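Engineer: Taking the numbering used here, the leading residue of the sequence shown gets 2, the next gets one more, and so forth.
Heads up, the beta-carbon is just placed ideally off N, CA and C, and yes, glycines get one too.
Since we're looking at a predicted model, the values are computed, not measured.
Mind having a look at this structure? Questions to follow.
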Amino acid sequence: METTAPQGQDELSALRALVAEQAAKLERQDAEVTKRDTIIDILRAQLELLRHRQHGASSEKIDRKIEQFELMLEEIEASRAEAEVRSGKTPLPELEDACEKPKRKPLPDGLPTDERIYPAPCNCPTCGGTSFLKAPDKVVQVMEHVPASVKIVRHVEKRFV
């Protein structure tokens with residue numbers, strides 16, 4: 002029994018040392034990422050400033066500086082992406098790229114409504130089966146403009162699964 006206790010203590014201290022080492026490594030990586038982000042922000046600001054000055058008297062020199070800054074920025078971003086791949090992290094999707102579908106306002110309730118119902122087929126077209134489960138109806142509302150009046154045409158397609 003006495004031999005198992007020291008081994009357990011050794012394992013526990015080894016695990017604690019491993020956790021401390023991993024925490025220190027994570028802090029170093031976070032500091033490196035913060036440093037890279039700061040450099041990227043500075044380069045972007047300088048690049049933007051140079052672009053504004055581009056149409057001045059010595060625009061050729063500024064064009065060369067812009068190209069150099071763009072290359073540096075690309076290299077830093079590539080190394081950051083490579084570091085994220087190595088560490089197993091995937092970059093978060095940009096919020097600007099995500100687009101939401103525009104939503105239409107609901108149609109007014111007071112308009113006259115014409116409902117057209119399309120029955121579902123009684124037999125399956127592929128296997129010929131006749132036993133189905135009821136599925137939610139597909140409803141599409143279209144606003145039609147008839148001169149001097151407006152009405153809603155509601156198309157209801159009955160469906161089975």
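Along the chain, where does the beta strand (DSSP E) that runs through K139 open and close?
Structural biologist: K139 to V147
Engineer: Could I get the ranges of all uninterrupted alpha helix (DSSP H) runs contained in the region 59–91, with 4 residues as the minimum, in chain order?
Structural biologist: 60–88
Engineer: Take the Cβ of L51 as the centre, count every other Cβ of all protein chains shown within 10 Å, and call the residue buried at 16 or more, exposed below.
Structural biologist: Buried.
Engineer: Just mark F161 as buried or exposed, buried being the case when its beta carbon has 16 or more other beta carbons within 10 Å.
Structural biologist: F161 is exposed by the Cβ-count criterion.
Engineer: Taking only three categories from DSSP, how would you classify S132?
Structural biologist: coil
Engineer: Near P113, which residues of its chain fall below 6 Å by C-beta distance, leaving aside the five closest residues on each side in sequence?
Structural biologist: K152
Engineer: To the nearest whole angstrom, what separates the beta carbons of I118 and V157, a pair I think is in contact under 8 Å?
Structural biologist: 5 Å
Engineer: Please tell me whether L108 and M144 are closer than 8 Å, where the distance is taken between their beta carbons.
Structural biologist: For the pair L108 and M144, the CB atoms are nearer than the 8 Å cut-off.
Engineer: Round the Cβ separation of R81 and R37 to the nearest angstrom and send it over; I've been treating them as touching at under 8 Å.
Structural biologist: 6 Å
Engineer: Can you tell which of E75, P137 and E28 has its C-alpha closest to the C-alpha of L48?
Structural biologist: E75
Engineer: Have a look at D138 and A149 and give me their C-alpha separation to the nearest angstrom.
Structural biologist: 32 Å
Engineer: Taking the straight line between their C-alpha atoms, what separation do you get for L96 and V20?
Structural biologist: Its pLDDT being 47, under 50, L96 is placed unreliably by the model, and the measurement read from it follows with that caveat. Taking the straight line from one Cα to the other gives about 34 Å.
Engineer: Look up V162 in the DSSP assignment and say whether it is helix, strand or coil.
Structural biologist: coil
Engineer: Who are the near neighbours of F70 in its chain, counting only those whose CB is closer than 8 Å to its CB and skipping five residues on each side?
Structural biologist: L44, Q47, L48 and L51
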